[in-house]
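Under the working numbering, the first residue of the sequence shown carries the number 23, and numbering increases by one thereafter. All C-beta atoms, glycine included, are put in the ideal place defined by N, C-alpha and C. Read the structure below first, then the notes.
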Amino acid sequence: DPDNFSYPRYDLDFSFLRVYDAAGNPLATPDHFRFSPAGVREGDPVFVIGNSGPTARGLTVAQLEFQRDFGLPPGVSFLRSRLDAMRDYYVREKPTGREADALRNQMFGISNGLKARGGMLAALRDPIVMAKRRDAERTFRAAVEARPELARRWGPVFDQLAALQQEKAKLARQDAAFVSLGNPGGEAAILLRALEASRLLASAGDTVARRRFLAVADVAPPLERRFLELRLTEISAGLGAADPLVREVLQGQSPAQAARALIAGSALASRERASAALLGGTLSVQDPAIRLVAAILPAVAAHDRDAQRLSQRETELEEQLGRARFDVYGTAVPPDATFSPRISDGVVQGYEYNGTKAPWHTTFFGMYDRYYSFRDPDFALPPRWVPAPGELRLDTSLDFVSTADTYSGNSGSPAVSKELELVGLNFDRNVEGLSRAYIYLPERGQRNVMVDVRAIREALDRVYHADRIVRELATGKL
23 DPDNFSYPRY DLDFSFLRVY DAAGNPLATP DHFRFSPAGV REGDPVFVIG
73 NSGPTARGLT VAQLEFQRDF GLPPGVSFLR SRLDAMRDYY VREKPTGREA
123 DALRNQMFGI SNGLKARGGM LAALRDPIVM AKRRDAERTF RAAVEARPEL
173 ARRWGPVFDQ LAALQQEKAK LARQDAAFVS LGNPGGEAAI LLRALEASRL
223 LASAGDTVAR RRFLAVADVA PPLERRFLEL RLTEISAGLG AADPLVREVL
273 QGQSPAQAAR ALIAGSALAS RERASAALLG GTLSVQDPAI RLVAAILPAV
323 AAHDRDAQRL SQRETELEEQ LGRARFDVYG TAVPPDATFS PRISDGVVQG
373 YEYNGTKAPW HTTFFGMYDR YYSFRDPDFA LPPRWVPAPG ELRLDTSLDF
423 VSTADTYSGN SGSPAVSKEL ELVGLNFDRN VEGLSRAYIY LPERGQRNVM
473 VDVRAIREAL DRVYHADRIV RELATGKL
């Protein structure tokens with residue numbers, strides 16, 4: 023987790039799949055990218071081929087300001103509060119075995135999302151990023167208005183999008199109150215069960231609803247109380263203490279008091295009690311947790327209807343703005359990424375950061391230095407790697423970076439050289455690259471991070487002794 027979205031990196035991140043034909047034989051693929059024997063050097067061009075995830079570089083400044091002020095903060099706050107709760111529990115209770123493993127994995131997933139969203143929010147709070155976006159929009163808008171036929175057709179779209187953001191801002195209180203409601207990654211199990219129970223009771227015992235209700239797993243009691251308290255706090259803080267829904271939910275209590283009372287009085291407080299209530303026929307709408315959800319859901323449904331209406335209108339206006347951009351720039355400016363296939367070109371290149379320099383590549387030397395310097399479980403190595411096998415060439419390039427414009431969705435994307443030889447596999451980008459959602463600035467250190475094929479071949483040969491696979495990769499033949 024400390025290394026996630028960072029560089030220098032020491033990850034040997036790859037896997038192989040064997041594809042078979044209809045007859046059950048390994049598929050013959052005469053057209054393929056062969057492994058590069060030489061790899062790359064600093065300054066070499068590379069081409070990353072993959073399905074880059076959605077970017078937001080076509081949004082107007084008004085839309086970016088909405089994301090900065092209202093759109094992103096509730097989600098960032100949700101993730102941070104849940105991660106803090108999990109870390110506190112992990113340190114205080116010191117879980118072991120499967121519980122510890124499951125909690126660490128859950129914490130890693132939340133931390134990953136928090137770093138990504140936090141990096142995007144930081145980009146929108148960066149005056150340089152926003153100044154560049156304002157300059158680009160002024161130039162674009164002036165080009166539209168300079169051509170009468172475009173001005174008539176597309177000119178009003180900018181102001182219409184700005185007005186729409188003001189409409190969306192009216193829903194900000196509900197956005198904060200109900201952020202990620204029902205997200206199993208950080209919601210109290212009692213609320214998840216209550217949500218499923220409300221559907222189950224409304225469906226008259228539907229088999230799928232019944233199975234989903236019984237499948238909700240327990241959360242450790244201290245963490246369960248904290249999750250529920252956080253949700254009640256979000257509802258109270260988002261809507262305001264005077265809101266009728268807040269008064270109904272809290273019943274004059276603090277979020278912590280209301281959470282304890284709800285857990286003590288509901289049959290949904292544990293999987294065992296919930297199952298017994300369902301099988302015994304005592305599960306009813308009078309359960310305190312189900313009553314709580316019944317109070318919340320109408321407000322959530324009304325919010326969702328309004329949000330969906332505004333979202334549909336925003337999508338229509340964004341499509342019009344996309345047509346305007348194409349009318350002005352043609353193919354000189356690429357559209358936003360949408361998980362569709364694209365090729366991103368870049369140059370293998372280090373960068374300056376934190377007053378020092380990040381090298382264009384790392385080596386197995388660095389991996390072992392990290393291991394022996396920290397002696398920390400986060401940087402532990404598997405037993406077969408410790409000590410380093412005598413025949414392993416420690417100066418082998420392990421990971422490298424380039425200026426290729428990759429984004430979420432490019433994990434696993436192959437990088438090829440100008441000779442169309444496979445030189446690396448993309449698996450991450452650095453923290454500077456998190457602002458790529460909104461702008462591409464390689465001069466500010468934005469880099470994608472790739473595992474070097476030389477490290478793959480060296481590890482297979484010297485550590486895993488996968489001789490057959492190594493020969494196949496070298497010769498292109500079974």
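- For the options D398, G141, P52, F55, the alpha carbon positioned closest to that of R90 is the one of G141.
- Residue K440 holds the alpha-carbon nearest to the alpha-carbon of S58 among R484, K440, R458, A481.
- Taking a cut-off of 8 Å on C-beta distances, the segment 469-479 touches the segment 440-454, as three or more cross pairs fall below it.
- One thing to note: R293 has its Cβ within 8 Å of the Cβ of A239.
- Between the segment 248-259 and the segment 107-118, the count of C-beta pairs closer than 8 Å reaches three or more; the two stretches touch.
- Per DSSP, G368 is one residue of the beta strand (DSSP E) stretching across 364-369.
- In the DSSP assignment, H325 falls within the alpha helix (DSSP H) that extends over 310-351.
- The beta-carbon distance between L403 and E480, rounded to whole angstroms, is 15 Å. This is too long to meet the 8 Å contact definition.
- For F396, DSSP records no beta bridge to any residue.
- The segment 209-246 is shown to contain whole alpha helix (DSSP H) runs of 4 or more residues at 211-224, 229-237, in chain order.
- Under the Cβ criterion (8 Å, minimum of three pairs), the segment 379-399 does not count as touching the segment 361-368.
- Contact between L290 and A216 holds, with the beta-carbon distance rounding to 6 Å and staying under 8 Å.
- Counting C-beta pairs closer than 8 Å gives three or more between the segment 218-235 and the segment 301-317, which meets the contact rule.
- Bounds of the beta strand (DSSP E) holding G446 are 444-451.
- Secondary structure at I491: helix, using DSSP grouped into helix, strand and coil.
- Between T428 and V70, the C-beta gap is smaller than 8 Å, which places the two residues in contact.
- Counting along the chain, no beta strand (DSSP E) covers E480; the unbroken alpha helix (DSSP H) around it starts and ends at 475-484.
- In the DSSP assignment, Y373 is bridged to A380.
- In this structure L420 is in contact with Y32, their Cβ atoms being roughly 6 Å apart against a cut-off of 8 Å.
- Bridge partners of D421 according to DSSP: V473.
- Burial state of A281 is buried, judged by a 10 Å Cβ sphere holding 16 or more other Cβ atoms.
- Within the segment 64-144, complete beta strand (DSSP E) segments of at least 3 residues are found at 67-72, given in chain order.
- Sequence-distant Cβ neighbours of L343 in its own chain, meaning closer than 6 Å and more than five residues away, are V179.
- In the assembly as shown, G97 is a buried residue. Its beta-carbon has 16 or more other beta-carbons within 10 Å.
- For the set P48, S457, P266, the Cα lying nearest the Cα of E494 is the one of P48.
- Counting of Cβ neighbours within 10 angstroms places T378 among the exposed residues, the total staying below 16.
- In this structure, the alpha-carbon of E256 lies about 12 Å from that of L272.
- In this structure, the beta-carbon distance from I212 to I312 does not fall below 8 Å.
- Per DSSP, P277 lies in no beta strand (DSSP E); the unbroken alpha helix (DSSP H) holding it starts and ends at 277-287.
- Annotated three-state conformation of T385 is strand, per DSSP.
- Close CB contacts of D35 within its chain, under the 6 Å cut and outside five residues either way in sequence, are with F449, V473 (chain order).
- Excluding the 5 residues flanking it on each side, P464 has same chain C-beta neighbours closer than 7 Å at T425, in chain order.
- Here V438 is buried, its C-beta having at least 16 other C-beta atoms within 10 Å.
- The Cβ-Cβ distance between L332 and E189 falls below 8 Å.
- By alpha-carbon distance to G93, the top candidate from Q196, R120, A316, V355 is Q196.
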